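Okay, structure first, notes after.
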Amino acid sequence: MEVSHNQAPLQQEYFDKYNAGGPLNWEIGRPQSAVLHLVQSGFFSGRVLDIGCGTGENARCIARQRNFSSPVKVVAVDLVPKAIEMAKKQTDPSEFTNLTFTVFDVLNEDNKTDLGRFNFVLDSCLFHGLSDEHRQIYIRQLHRWLKPGGVYVQLAWSEKETLERPSGPRKITR
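In the numbering used here, the protein residues as written are 882 to 1055.
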């Protein structure tokens, strides 16, 4: 599968690696430690959008959170169909009635799928791989998805962790 015209070489690399079935160096087989910490502190509530969810470790971790005053409902999206397929295979629907996985291109402003509005949007290492042009599209999309007062959570590579290669990810510093 080829990426759309909106996608950068890094996204093509994701497609290729998922489809090849080999090791995925960005998949760590567990939730990100920052996400686990936020879940343990009861941070998330209401509707949560996990952008670039990969195989769903963060989404499942958030969906397990039990906040009875405001139950969590997670929508997890990824551009790569194989990633969503893998996420669904690893998720027991009877355990995760509050979690859905969807193939979705976050840079397609004409997408007819309405994800709705969210209390929280989680980006685990997606933004840093986008070009300046794509970052502007992404920010416009965030405005569509976040409810007033909503919270955007971004996990990004530090400048010490960034892989040096022409396709990205790009360094982000303070």
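Yeah, the Cβ is synthetic: ideal placement off N, Cα and C, and Gly gets one too. Everything numeric in this text was worked out from a predicted model, so none of it was measured.
Same chain only: Cβ atoms within 7 Å of residue i, ignoring 5 sequence neighbours per side
i	result
residue 977	941 and 944
As assigned by DSSP and simplified to three states, the class of residue i
i	result
residue 1010	helix
residue 988	coil
residue 1028	strand
residue 998	coil
residue 928	strand
Residue i versus the options, residue with shortest Cα-Cα distance
i	options	result
residue 918	946, 960 and 959	946
residue 1036	974, 1003 and 988	1003
residue 1018	989, 1009, 1033 and 999	989
residue 987	970, 1001 and 1020	1020
residue 967	915, 934 and 1007	934
residue 970	953, 936 and 954	936
residue 1005	1033, 923, 991 and 961	1033
residue 997	958, 1016 and 1007	958
Residue burial classification, residue i (beta-carbon count within 10 angstroms, cutoff 16)
i	result
residue 994	exposed
residue 938	buried
residue 932	buried
residue 1022	buried
residue 912	buried
residue 972	buried
Beta-carbon proximity list for residue i, same chain, < 8 Å, skipping 5 on both sides
i	result
residue 999	927, 928, 929, 930, 956, 1026, 1027, 1028 and 1031
residue 981	955, 956 and 957
Contact set for residue i: own chain, Cβ-Cβ below 6 Å, skip 5 residues either direction
i	result
residue 951	926 and 927
residue 1007	932 and 933
residue 1015	988
Ignoring anything shorter than 3 residues, give me the beta strand (DSSP E) runs that lie fully in the segment 935 to 960, in order along the chain.
953 to 959
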